[in-house]
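Here my numbering is used: position 1003 in the sequence shown is 999, and no number is missing along the way.
Remarks on the structure that follows.
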Amino acid sequence: MKTTMKRRRRRRRRRRGRRNYKYASCFEIILLLIGILCAVIQGSALQGPYVIMSDTIDSYAEYLRCKKIVENQTDSGGSEANTSSLVYDFLSELTRWPYVLEHHRHQHHQFFNKFNQDNNNNNNNNVTKNITLEECRKKVSDSAVRVSIGISIVAVVIIVNYYLHVFLFTIVADRLTRRVRLLAFENILRQNIGYFDVHLGGELNTRLTQDVTKYEIGIGNKVSMMLSWFSAFIAGLVICLINEWKLTLFMCVLLPVAAVVSAVTTRLMKIYAEREMNAYAKAGGVAEEALMNIRVVTAFAGQDKECARYGKLLEEARKISVKSAIASSFGQGVPWFLTFTIAGITIFLTGSMISKGNINPGFMFVLLGCMMQGLRALGFGTALLEYVFDSQGAAFGIYEIIRAKTEIDSSDKSGEKLENVRGLVSFENIHFRYPARKDVPVLKGLTLQIKPGQSAALVGPSGCGKSTTIQLLQRFYDPDEGLVKLDGVDVRTLNIAWLRGQIGVVSQDPVLFATTIEENIRFGNPDATFEEIEKAAREADAHSFIMNLPEKYDTKLNEQGTELSRGEKQRISLARALVGQPKILLLDECTSALDNESEAAVQAALDKAAKGRTTIIIAHRLSTVKECDVLFVVDRGVVSEFGSHKELLARKGLYHKLVSTQQENNKSKLETLLSPTHSRALRDIFSLNGQQWYLLFLGVVGGLILGTTWPIYSLMMSYVIGLFMLKYFGESLTLIVRGKAYRAMLHQELAWFDQTTNQVGSLTSRLADEATRIKMATGNTILYLAAAVSSVICSVLVALISSPQLGLAVLPLMPLTITAGIIQGYMNTTYEKKSHARTEASGRVASEAIDKIRTIASLRKEEYFLQSYKSHFNSMKKEAKHRANIIGLSQSFVWFCSCSIEIVSVGFGMWLVSQEITEFEVVFRFVVTACHGELELSDVTFGYPTRPEIRVLKNFSLAVKRGQSVAVVGPSGGGKSTVVQLIERFYDVANGSVKMDGVNVRRLNLTWLRSQLGIVLQEPILFGISIAENIAYGDNTRQVPQEEIEAAARAANIHEFIISLPLGYDTNVGSRGTQLSGGQKQRLSIARALLRNPKILLLDDATSALDSHSESIVEEALQKARAGRTSIVIAHRLSSIVNADVILYLKKGKVVERGSHAHLMSLRGNYYKLYLANLGNKK
-3 MKTTMKRRRR
7 RRRRRRGRRN
17 YKYASCFEII
27 LLLIGILCAV
37 IQGSALQGPY
47 VIMSDTIDSY
57 AEYLRCKKIV
67 ENQTDSGGSE
77 ANTSSLVYDF
87 LSELTRWPYV
97 LEHHRHQHHQ
107 FFNKFNQDNN
117 NNNNNNVTKN
127 ITLEECRKKV
137 SDSAVRVSIG
147 ISIVAVVIIV
157 NYYLHVFLFT
167 IVADRLTRRV
177 RLLAFENILR
187 QNIGYFDVHL
197 GGELNTRLTQ
207 DVTKYEIGIG
217 NKVSMMLSWF
227 SAFIAGLVIC
237 LINEWKLTLF
247 MCVLLPVAAV
257 VSAVTTRLMK
267 IYAEREMNAY
277 AKAGGVAEEA
287 LMNIRVVTAF
297 AGQDKECARY
307 GKLLEEARKI
317 SVKSAIASSF
327 GQGVPWFLTF
337 TIAGITIFLT
347 GSMISKGNIN
357 PGFMFVLLGC
367 MMQGLRALGF
377 GTALLEYVFD
387 SQGAAFGIYE
397 IIRAKTEIDS
407 SDKSGEKLEN
417 VRGLVSFENI
427 HFRYPARKDV
437 PVLKGLTLQI
447 KPGQSAALVG
457 PSGCGKSTTI
467 QLLQRFYDPD
477 EGLVKLDGVD
487 VRTLNIAWLR
497 GQIGVVSQDP
507 VLFATTIEEN
517 IRFGNPDATF
527 EEIEKAAREA
537 DAHSFIMNLP
547 EKYDTKLNEQ
557 GTELSRGEKQ
567 RISLARALVG
577 QPKILLLDEC
587 TSALDNESEA
597 AVQAALDKAA
607 KGRTTIIIAH
617 RLSTVKECDV
627 LFVVDRGVVS
637 EFGSHKELLA
647 RKGLYHKLVS
657 TQQENNKSKL
667 ETLLSPTHSR
677 ALRDIFSLNG
687 QQWYLLFLGV
697 VGGLILGTTW
707 PIYSLMMSYV
717 IGLFMLKYFG
727 ESLTLIVRGK
737 AYRAMLHQEL
747 AWFDQTTNQV
757 GSLTSRLADE
767 ATRIKMATGN
777 TILYLAAAVS
787 SVICSVLVAL
797 ISSPQLGLAV
807 LPLMPLTITA
817 GIIQGYMNTT
827 YEKKSHARTE
837 ASGRVASEAI
847 DKIRTIASLR
857 KEEYFLQSYK
867 SHFNSMKKEA
877 KHRANIIGLS
887 QSFVWFCSCS
897 IEIVSVGFGM
907 WLVSQEITEF
917 EVVFRFVVTA
927 CHGELELSDV
937 TFGYPTRPEI
947 RVLKNFSLAV
957 KRGQSVAVVG
967 PSGGGKSTVV
977 QLIERFYDVA
987 NGSVKMDGVN
997 VRRLNLTWLR
1007 SQLGIVLQEP
1017 ILFGISIAEN
1027 IAYGDNTRQV
1037 PQEEIEAAAR
1047 AANIHEFIIS
1057 LPLGYDTNVG
1067 SRGTQLSGGQ
1077 KQRLSIARAL
1087 LRNPKILLLD
1097 DATSALDSHS
1107 ESIVEEALQK
1117 ARAGRTSIVI
1127 AHRLSSIVNA
1137 DVILYLKKGK
1147 VVERGSHAHL
1157 MSLRGNYYKL
1167 YLANLGNKK
């Protein structure tokens, strides 16, 4: 019973989620109702010409009788014309007549208004003597004039109402789309952090781009056009029922079949549309993760693996789309089959009735024309249902985001605000598990208290719960059990924004935003003056390097901040925290990326900033926290001991062990010491799917056959096969375009990603939006285009052959219709380019906000990013009406041209008939096989592409022999990490050369080059896959055995932790490794590099995030790994490189000192001072 109720509730939610106009305002509902009325009038008007032309048909029939009688009287002296023979002569002509004019009616038709039927007598085989042939001819001519006037009136009604419903629906769709997009983004920003542990950022961004695009298409003028076609069908059915209900019901005997097929295919299309949206959203998440971590992907030659991951999800989406295409093809093909079948039945029955004198020819024309047009309209309307179902599938996913509830709402204005914050922080019996890993307890009864103004440190092994503790204080999560209090008040009762405003945070991984340095610092305090910003930068030791930049504080950063070193980014983050003058300061390993000189200066600034504030410090380098008032040793989710540095040492517990381990490491060290690829546009689209050209060919052939059916009738299968082939081609093309575009992105040089236009948000938006639009350009679009072309050509040829006079009269109007279509396409394309540019720009904002949500929540900048997102769409408001006008007017102009052709055809054609001038029936390197591990950088001068005027390296030279260990040290921002990036060929040098084994790396195959290198980057980056898959990422050329994965994990001191997890090596680490601590992530990164078994090992400050115990073990593993290999080590902790064969001291891009540790110490220069500073910090 409960299960049944749950299913019912789920179905109700899904139905509510599919209401496309759920968020429309009252004003927009009124506009929609007016639009619907106009669409109904316009659709009904499509039947008008058939009713109007019945008068002409009867007039011509009478003219034929008169002519036949005169001929018979002349030939046989007065013999009478036989009605039956006249009728069948007439029918042979009539069955071709309507379709000579059908070359432009494949997409548009006319109005419902009955003109009088003059000839309703039964033709008693005798024509009154006083009715002459001239009078009959004049009657035909007069009827043509009346028909032309009637069609002109109908044309005006059609054009006006068509413009109105297209304009109104386009306006409403634009307004509603903007509102839904903003509501979704706003609600994303309001979610607690646990929401983002479960939902990938790329998945959410795909919802905001691709899904919203499909949503907009399915609520705009496609809907009004669909209503117009369905109105034409209903109007035709009503006309036929009024005139001859028995015959009409007999004609409609097959409609129940269409209803059943339509119901089944509609249901299937709804299901498939929703599944397809979900599959593409997951693919978007994978793409964003890879593009966000492009350096790791590039370093480990993971492009093929990432393309395979992405392609697998695209293939799932394609399979679903193909099923949808089958349903759609049959759903649209059945109405056409019925059209031709019923047409044949109608002609047979009405022909028989005319021959018996039961009805006249004009009545038959109304019956046949209205029913045919109605069924044809049903086919066109059914085709548009696909867009509506796609929109409903997209709407369900978007509405789920909008409806998502959160217990921790940062925008909630309720909650208490303490008048005077003292800074008393307490954790009482805290139990906690992350939402994405409910099976792994992180905190197991943690209890601690920090008094106002105290500086407290949380120390302990990696993964023990230190960072989790400060996240609970910020209310990123709520504990499963226990209380977190500020000044004795449960933080859950406090206003969230106010609470976070009292806390300044500097996290382990520095996060900056795509704006100026000044604005990045001001994020810490929106009201800060420039003087206050500059003061904070000085305190964080950031002012000097900022002033060395060409644009100083106005320097614009990209979304990853790649223009700066990690140390520089860390110092800007510090300045941002300090400028806010918070009551509580949270420092999560915030000096780990700084050199010793900078660390000392920053630590002094932090000590100064901590005075009078409650400060909580998380650190692995115990030398930085020994002066704290109280230290809490966290082990396995609980506080195992606490006290001052001296007290904890005296107890000889875990803290004593950690300190002893670190000191032993230091002592041992002291003893030892005595091509670029080019971006490609998404062009030549169809050539990308060359292997499946036959699908396009068959689809177009189906369309061409379908086009000829409008003049001459055909079979349902031409439509079904043609449409299915084109839809299948479209799905395959979408898969290939997405795959090739994604592959092209992954193979760009890294300088391409540094460009503002190629930020991750823009790229994921392009993948989703552009490929979606390409898909829309296939299927129905190509089918109807091919059908239109073949219909026009056939109709023109028939007209020219049958009546050159009429053909030449209509032919000049054809270019006018084509020009109207070109103008319409040009105007739509122009607007779409502007719209796409803004969608891409908003995608950058959304991607950055979602990816950096923790920092945004901490800084209370949700409203800032929401307003930034809004600004991109607010600028489109003025263009919305202009766009709606252009669409409405351009499409109405096409109708005008179509109606003009019809008026000329009928009017002029009937005049030619009356004058007996014509008859009635006319009317498309170099690859190295072995690597020895020798490296040489000669006179290298380099500046990043986004800042080429700033030389990061200046005449830098370095020669590394096979098996040598070379260390590069120096102050932050000196160019150390740049050396590693040039060896990896992330960038190419401007001057000088980089060689491996004497060969310029530009001549080497990139994949081979990087396969010889193992790298551990400064910032540990993982993917949202299992632990085993992350380690195996080190070698993407083969299927890595589990034994090798575990061996690499043991070497990196991570194996024991992994097997302690419930799922072991199958544990998913979350997007960017969010489910692991910094130290755990770093050790997995090291395991990934070791598995590669590289000839050259590149270590970019690889142990900076490790605690002392883990560092000693990992350092030993790295020493073993370096044996027999060429290694380049970037380090701030000099104790780790004293055994290096060569040490370079790099400052401002130049090698200041070079030599062994002993040699550099004897010089008593920069290295000597740095070492003493480092040694002093450790002591």
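Each residue gets a CB set at the ideal place from its N, CA and C atoms; glycine is no exception.
- For D193, the enclosing alpha helix (DSSP H) has its first and last residue at 189 to 194.
- Going by beta carbons, T166 and N217 fall inside the 8 Å limit.
- Counting C-beta pairs with one atom in each stretch, the stretch 983 to 993 and the stretch 1029 to 1036 have fewer than three that are closer than 8 Å, which means they do not touch.
- The residues L442, T443, L444, F628, V629, in chain order, have a CB closer than 8 Å to that of V635 in the same chain once the five nearest residues on each side in sequence are set aside.
- Relative to the Cα of L855, the nearest Cα in the group M222, A1047, A493 belongs to A493.
- A Cβ-Cβ distance of about 20 Å is found for the pair G456 and T610, leaving them out of contact under the 8 Å criterion.
- One alpha carbon belongs to N996, the other to V990, and they sit about 6 Å apart.
- For D847 and F229, the gap between their C-alpha atoms comes out near 50 Å.
- In the displayed model, V948 falls within coil according to three-state DSSP, outside both helix and strand.
- By the CB criterion at 8 Å, C34 and N157 fall inside the cutoff.
- Distances from the alpha-carbon of R1129 to those of G190, D474, L1166 put L1166 closest.
- Remark: fewer than three beta-carbon pairs, one from each stretch, lie closer than 8 Å, so the stretch 526 to 536 and the stretch 613 to 623 are not flagged as touching.
- For the options Y17, S317, M49, the alpha carbon positioned closest to that of Y211 is the one of Y17.
- According to the DSSP assignment, H427 belongs to the beta strand (DSSP E) that extends over 421 to 429.
- According to DSSP, residue pairing for Y1141 in a beta bridge involves V965, E1149.
- Straight across, the Cα-Cα distance linking G971 with C586 is about 21 Å.
- From the listed residues K409, C236, L574, L309, the smallest Cα separation to L495 is found for K409.
- Per DSSP, N987 is not a residue of any alpha helix (DSSP H); the beta strand (DSSP E) it occupies stretches across 987 to 992.
- With contacts defined by Cβ atoms closer than 8 Å, V1134 and V962 do not form a contacting pair.
- Cβ-Cβ separation between G1010 and A1085: approximately 4 Å, consistent with a contact (criterion under 8 Å).
- At the C-beta level, V1065 and I1126 stay beyond 8 Å of one another.
- A direct Cα-to-Cα measurement between L1156 and Y1141 gives close to 9 Å.
- Counting of Cβ neighbours within 10 angstroms places F392 among the buried residues, the total reaching 16 or more.
- For G1010, the enclosing beta strand (DSSP E) begins and ends at 1009 to 1012.
- Around the beta carbon of K278, a 10 Å sphere encloses 16 or more other beta carbons of the protein chains shown; the residue is thus reported as buried.
- S1158 and Y1164 have their C-alpha atoms roughly 8 Å apart.
- Between L1057 and V436, the CB-CB gap stays under 8 Å.
- Per DSSP, the unbroken alpha helix (DSSP H) holding L28 starts and ends at 22 to 41.
- Inter-residue distance for V965 and T511 is about 30 Å (C-alpha atoms, whole angstroms).
- Assigned with DSSP and collapsed to three states, K440 falls in strand.
- Per DSSP, I1017 lies in no alpha helix (DSSP H) and is assigned neither H nor E.
- When DSSP states are grouped into helix, strand and coil, S934 belongs to the strand group.
- At a Cβ-Cβ threshold of 8 Å, F181 and Y865 count as neighbours.
- The beta-carbon distance between G411 and T489, rounded to whole angstroms, is 6 Å. This is short enough to meet the 8 Å contact definition.
- Proximity to I1017 across Q1076, L574, K622, L204 peaks at Q1076, based on C-alpha coordinates.
- Scanning R1006, R418, P944 for the CA closest to the CA of L482 turns up R418.
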